[in-house]
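Engineer:
Chains as they are written, first to last, in my numbering: chain Y, 1 to 441; chain P, 442 to 729.
1. Leaving aside the five residues before and after residue 180 of chain Y along the sequence, list all residues of the same chain whose C-beta is less than 7 Å from its C-beta, in chain order.
2. Which value, in whole angstroms, describes the spacing of the CA atoms of residue 124 of chain Y and residue 130 of chain Y?
3. Counting only beta-carbon separations shorter than 7 Å, does residue 456 of chain P have a partner in chain Y?
4. So, are the CB atoms of residue 572 of chain P and residue 550 of chain P less than 7 Å apart?
5. Any contact of the segment 273-290 of chain Y with the segment 305-323 of chain Y, i.e. 3+ C-beta pairs under 8 Å?
6. Just how far apart, CA to CA, sit residue 422 of chain Y and residue 95 of chain Y?
7. Please classify residue 531 of chain P as buried or exposed, where buried requires at least 16 neighbouring CB atoms within 10 angstroms.
8. If we ignore side chains and look at the alpha-carbon of each, how far apart do residue 214 of chain Y and residue 634 of chain P end up?
9. Check the Cβ-Cβ distances between residue 98 of chain Y and every residue of chain P, and say whether any is below 7 Å.
10. Near residue 655 of chain P, which residues of its chain fall below 7 Å by C-beta distance, leaving aside the five closest residues on each side in sequence?
11. Going along the chain, which residues of the segment 526-556 of chain P sit with their C-beta nearer than 8 Å to a C-beta in chain Y?
12. So which residues of chain P does residue 309 of chain Y contact, with C-beta pairs closer than 9 Å?
13. Does any residue of chain P bring its CB to less than 7 Å from the CB of residue 59 of chain Y?
14. Between the alpha carbons of residue 636 of chain P and residue 719 of chain P, how many angstroms are there, rounded?
15. Would you list, in chain order, the members of the segment 460-473 of chain P that have their beta-carbon closer than 9 Å to a beta-carbon of chain Y?
16. Within a Cβ cutoff of 7 Å, which residues of the same chain sit near residue 582 of chain P, ignoring the five residues on either side of it in sequence?
17. Output needed in chain order: residues of the segment 561-572 of chain P with a Cβ under 8 Å from some Cβ in chain Y.
18. Whose Cβ in chain P lies nearer than 7 Å to the Cβ of residue 389 of chain Y?
19. Flag residue 558 of chain P as yes if its beta-carbon sits less than 7 Å from any beta-carbon of chain Y, otherwise no.
20. Does any residue of chain P have a CB that is nearer than 7 Å to the CB of residue 146 of chain Y?
21. Under 7 Å between beta-carbons, which chain P residues line up against residue 120 of chain Y? List them in chain order, please.
22. Need the endpoints of the alpha helix (DSSP H) that residue 808 of chain P sits in, please.
23. Find the nearest neighbour of residue 727 of chain P within the set Y:76, Y:147, Y:97, judged by alpha-carbon distance.
24. Give the straight-line distance between the Cα atoms of residue 79 of chain Y and residue 619 of chain P, rounded to the nearest whole angstrom.
25. Give the interface partners of residue 515 of chain Y over in chain P, defined as CB-CB distance under 8 Å, in chain order.
26. Closer than 8 Å by C-beta to residue 528 of chain P: which residues in its own chain qualify, once you throw out the five before and the five after it? Chain order, please.
27. On the criterion of 16 or more Cβ atoms from any shown chain inside 10 Å, does residue 138 of chain Y qualify as buried, or is it exposed?
28. So which residues of chain Y does residue 726 of chain P contact, with C-beta pairs closer than 8 Å?
29. For the beta strand (DSSP E) that contains residue 458 of chain P, what are its first and last residues?
30. Using the three-state DSSP reduction, which class does residue 679 of chain P fall into: helix, strand or coil?
31. Using only alpha-carbon positions, find the residue among Y:375, Y:369, Y:391 that is nearest to residue 411 of chain Y.
32. Hey, quick one: how far does the beta strand (DSSP E) through residue 360 of chain Y stretch, first residue to last?
33. Please go through the same chain and pick out, in chain order, the residues whose beta-carbon is closer than 7 Å to the beta-carbon of residue 348 of chain Y, but skip the five residues on each side of it.
34. Tell me which same chain residues have a C-beta within less than 8 Å of the C-beta of residue 226 of chain Y, skipping the five on either side of it?
35. Hey, out of Y:224, Y:424, Y:205, whose CA is closest to residue 363 of chain Y's CA?
36. List the endpoints of the continuous beta strand (DSSP E) containing residue 565 of chain P.
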């Protein structure tokens, strides 16, 4: 027996748009009666195979989706709006049935597609814990056993006998998540519910889910928050208009997603020496950002170095060239610029015609979390005057930096806001100079 | 990590989701697992209905007394309808008590899908839990109303010799099952159809009212002209109301054998209801 706990085989889901039936009860009955007697649909035109409202107003929310999930895996499901993420979760949590295909699961599934489903505003927190627990499939005895844990986790013990309609939205979410978190299901399905609640509570929830994963639980998360996905999931499935576009490690999937959704590219190339940006002195062949071992990426771990790599054709003999770039953050602020002037071997060396590659290493723990883009420049330095610019590509490549919140980045264990354009880890020293204040002595 | 691995068929899956379930697959075992939910739903409905009311559950006492009083004034004092020689107030109260159990079951279940679409769209549990908890909630309400009825029955029983409760009282559970079954059966059919045709809910309001006038709630069957009797007898709740009155008040013109018709009607309508409901619950989220 393998450890596959979820097996999705060729699952498709159609939705019919617009008018669902013939429009009248009479029409539906007539059609149904004809179907029952094996006659063709009375509303069809001759030669038509299917009523037209059926064929042209169907939307395929999922097309032939197949994947397996092993026990203990944490899998993120990402994709743009309308890619089919929510539909997939609805099928997995049995809210609606697929149009075709089979989904097999092993073990108790708890799905949180919404926070506080079934919470009744008039009932108190205590009462709602029981009702919500039962809706999620817990028995009353089970809820009673875990009641203290739930209240403790939610942190609303002071208001536990107040109707939840008087709760702040944060308290509401915390209580609701607390119930689901204590369910300890074999498979937990979570849809974007962590978008609410403060960062400390989010962390608590993430820890809980992580722990569930370590204990052999399987977690499936839909989120638009890529740092949640990258932190929690080793694997992610990228959906694009109903099909599985990518299924693999979460950082790769996130990169593909960013590429799809915001036109993020970590790699750009031009096929020959006439088409790339530049002039008759130098032309860009490619530019990319990659990891130290040469993997092109759109997503980087904050602790790891980022390599910016230029490839360019030098078309004229004996020119001195310096590649350079400006790194801007999402606010358009230039974080820094860097250039080949530090590359002492090449900075003043006239070059022969040919293909060159220049690399710059941005160390880990330098950039803050966020989105960055690189403006690529190749110029000839004239030192006492403005340089001659051969090429200048704005937003040549872009990438995102994530903090996995594992405690060894610059933010340490701190989870709240962390300011600054850069985030270096600097050395700190403290010593005790004197144990007694002279005035007091 | 890779997709498209073909997993052997003979593994022990706990759950296999296919486009359509077999129509006879009612998943009763699962229903049993969720029995606590039904209980909590009943409790939730009861508790939440009385939050922020001054009189709380007292309303269950006030409503039947008021409506029986109104019936007494209008139908007996003003319209001078016969009550088979029974005290009018008690006559109407008896009819009302049993009828209202039926009508609350019916209207309660008839909007199962539409009024619960929020929760149904977000979490899975056996959908049949909702109609079941409706019936149980209504049973509590019935219990309270029945209690008041018994109080008045005792009061009138001592003051009037026309009231003669008898052994037919033992049929009460059967009467309740029939009423609940018919109510829920029709309710489930209506709720399944309203996922597509929302107008049925409007129709239902009239339907229930018509059904009440075509049943012996406000007049005894004995006063109905012979050529119209069939109409009342065709109504499956007629025998139940008549037998209820016969059991507790001692007056009624139907033999208990007529209950068999109601029972058969109930079984059919309940079966059809459950099957349609079961079919619709799979994908109703897409259409509702």
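For every residue, glycine included, the Cβ atom is placed at its ideal position computed from N, Cα and C. All figures in this text were calculated on a predicted structure; none of them were measured in a lab.
Structural biologist: On the basis of the data shown:
1. Correct list, in chain order: 110, 112, 136.
2. C-alpha of residue 124 of chain Y to C-alpha of residue 130 of chain Y: approximately 10 Å in a straight line.
3. Interface residue, yes.
4. Yes; because the gap between Cβ atoms is below 7 Å, this pair is in contact.
5. Between the segment 273-290 of chain Y and the segment 305-323 of chain Y, the count of C-beta pairs closer than 8 Å reaches three or more; the two stretches touch.
6. So the two alpha carbons sit approximately 46 Å from each other.
7. With 16 or more other Cβ atoms inside 10 Å of its own Cβ, residue 531 of chain P counts as buried.
8. Residue 214 of chain Y and residue 634 of chain P have their C-alpha atoms some 46 Å from each other.
9. For residue 98 of chain Y, at least one C-beta of chain P is nearer than 7 Å to its own C-beta.
10. Answer for residue 655 of chain P: 672, 673, 676, listed in chain order.
11. The residues in question: there are none.
12. Simply none; closest approach about 28 Å.
13. Cβ-Cβ to chain P under 7 Å: no for residue 59 of chain Y.
14. A direct Cα-Cα distance of roughly 13 Å separates residue 636 of chain P from residue 719 of chain P.
15. Against chain Y - using a Cβ distance shorter than 9 Å - the residues of the segment 460-473 of chain P are 460, 461, 462.
16. Excluding positions up to five away in sequence, the list reads 501, 545.
17. Taking 8 Å as the Cβ-Cβ cut-off against chain Y, the residues of the segment 561-572 of chain P that qualify are 561, 562, 563, 564, 565, 566.
18. Within 7 Å Cβ-Cβ: nothing; residue 389 of chain Y doesn't reach chain P, min ~46 Å.
19. Closer than 7 Å: no.
20. For residue 146 of chain Y, the answer is no, since every Cβ of chain P falls outside 7 Å of its Cβ.
21. Simply 485, 489.
22. Given a span of 442 to 729 for chain P in the structure shown, any question on residue 808 of chain P remains unanswerable.
23. Checked all of Y:76, Y:147, Y:97; the closest Cα to residue 727 of chain P is Y:97.
24. Our two residues, residue 79 of chain Y and residue 619 of chain P, have alpha carbons roughly 52 Å apart in a direct line.
25. Because chain Y spans 1 through 441 in this model, residue 515 of chain Y falls outside it and cannot be assessed.
26. For residue 528 of chain P, where only same-chain residues beyond five positions count, the Cβ hits under 8 Å are 597, 601, 603, 604.
27. Buried, since its Cβ has 16 or more Cβ neighbours within 10 Å.
28. Result: 90, 95, 96.
29. Per DSSP, residue 458 of chain P belongs to the beta strand (DSSP E) from 456-458.
30. Residue 679 of chain P falls in the helix class under three-state DSSP.
31. The candidate whose alpha carbon is nearest that of residue 411 of chain Y is Y:369.
32. Counting along the chain, the beta strand (DSSP E) containing residue 360 of chain Y begins and ends at 354-362.
33. The beta carbon of residue 348 of chain Y lies closer than 7 Å to those of 320 in the same chain, with the five residues before and after it left out.
34. Around residue 226 of chain Y: 78, 254, 257, 258, 299, 400, 402.
35. It is Y:424.
36. Careful: residue 565 of chain P lies outside any beta strand (DSSP E) and carries neither H nor E.
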